[in-house]
Each structure stands twice: as C-alpha cells, then as structure tokens.
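S.K.: Sharing a structure with you now.
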Amino acid sequence: MGFLKSLKSMFTASSDPNVLWLYVKCKRCESPVAVRVDLRNDPSLDDESDGYILRKEIMDDKCFTLMHAQVKLNARHAVTEKTIDKGEFITEQEFLVMRNTQMSK
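Take the sequence shown: its letters are residues 0 to 104, numbered as in numbering that gives the first Met the number 0.
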C-alpha cells in the first residue's frame with residue numbers, strides 16, 4: 000500500500016509551499032508532462048528584477064522532444080511570466096485529463 004501512496008503523491012499537487020508544479024504539453028506529439036520545481040534550489044536570482052528566474056529543460060516520453068521553459072518569479076516565488084519553446088503550458092486539470100486518456104488507450 001505504501002508504494003501506491005508514494006506513486007500517487009508523485010502525480011498529485013503538493014501543499015508544500017516550496018514546490019511549484021509546471022504542466023506542459025509537447026507541441027509535436029501533444030504528450031503531457033508534469034514537472035516538480037523545488038523553489039528552494041531550482042530558481043536563480045534574476046539580475047533584471049527583485050525576483051527569480053527558473054530555466055527548465057523538459058523532455059516528454061513519447062517523441063523525446065526537448066522543451067525549454069523559462070519562468071519568472073517575484074520575491075515571494077509567485078509566477079509573473081512564463082514562456083516555453085516547442086511546448087505549451089497547460090493546467091493541472093488538462094494534464095490529468097490528457098494523462099488519463101493516454102493511459103486508457
């Protein structure tokens with residue numbers, strides 16, 4: 000039972016204030032990807048603002064396209080701007096629907 004609980008925790012949103020989840024979809028194959036960001040270690044100080052900048056390289060498991068995401072955060076780690084190449088940001092709900100659809104095939 001512990002294994003299933005830990006597996007479920009990998010794919011559900013966390014209430015941990017030091018975690019940010021990014022949900023993206025590959026533009027090529029439309030495969031959804033969930034990315035866990037540790038706000039204590041992953042972002043870097045942004046020289047242009049009082050906040051942080053996060054750069055993530057994300058690869059899906061279907062066509063293996065490498066997506067490049069850049070997320071700007073304010074001093075309180077709230078997202079202020081986000082861009083991605085070769086992908087698209089989606090909501091958690093869209094991610095769950097897409098993942099469940101893929102799993103049922």
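Ideal placement from N, C-alpha and C gives every residue a C-beta, glycine not left out. All figures in this text were calculated on a predicted structure; none of them were measured in a lab.
Starting from Glu56, follow the beta strand (DSSP E) in both directions and report where the run begins and ends.
M.R.: One-based indexing of the sequence shown puts residue 56 at position 57. Residues 51-58.
S.K.: Measuring only the C-alpha atoms, how far is Leu6 from Asp15?
M.R.: In the sequence shown, residue 6 corresponds to position 7, counting from 1. In the sequence shown, residue 15 corresponds to position 16, counting from 1. Residue placement at Leu6 is poorly supported in this model, since its pLDDT is 48, which falls under 50; the coordinates still yield a value, given next. When rounded, the distance between both Cα atoms is 17 Å.
S.K.: Got a sec, what are the start and stop residues for the beta strand (DSSP E) Leu19 sits in?
M.R.: As a first step, residue 19 must be located in the sequence shown, where it is residue number 20. 18-25 is the span of the beta strand (DSSP E), which, as asked, contains Leu19.
S.K.: Please list, in chain order, all residues of the same chain as Asp41 whose beta carbon is under 6 Å from its beta carbon, the five residues on each side excluded.
M.R.: Within the sequence shown, residue 41 is the residue found at index 42, counting from 1. So the list reads Leu53, once near-sequence residues are dropped.
S.K.: If you scan the stretch 66-94 from start to end, which runs of the beta strand (DSSP E) of 3 or more residues do you find wholly inside it?
M.R.: Counting only runs of 3 or more, we get 78-84, 86-88.
S.K.: Give me, in chain order, the residues of the same chain whose beta-carbon lies closer than 6 Å to that of Met58; leave out the 5 immediate sequence neighbours on both sides.
M.R.: The sequence position of residue 58 within the sequence shown is 59, counting from 1. Excluding sequence neighbours, Met58 sits near Leu65.
S.K.: Where does Arg35 sit, in a helix, a strand or coil, going by DSSP?
M.R.: Walking along the sequence shown from the start, residue 35 turns up at place 36. Correct three-state label for Arg35: strand.
S.K.: Skipping 5 residues on each side, what residues in its chain have a beta carbon closer than 8 Å to that of Cys62?
M.R.: On the sequence shown, residue 62 is found 63 positions in, with the first residue counted as 1. Taken in chain order, the residues that qualify are Cys25, Arg27, Cys28, Ser30.
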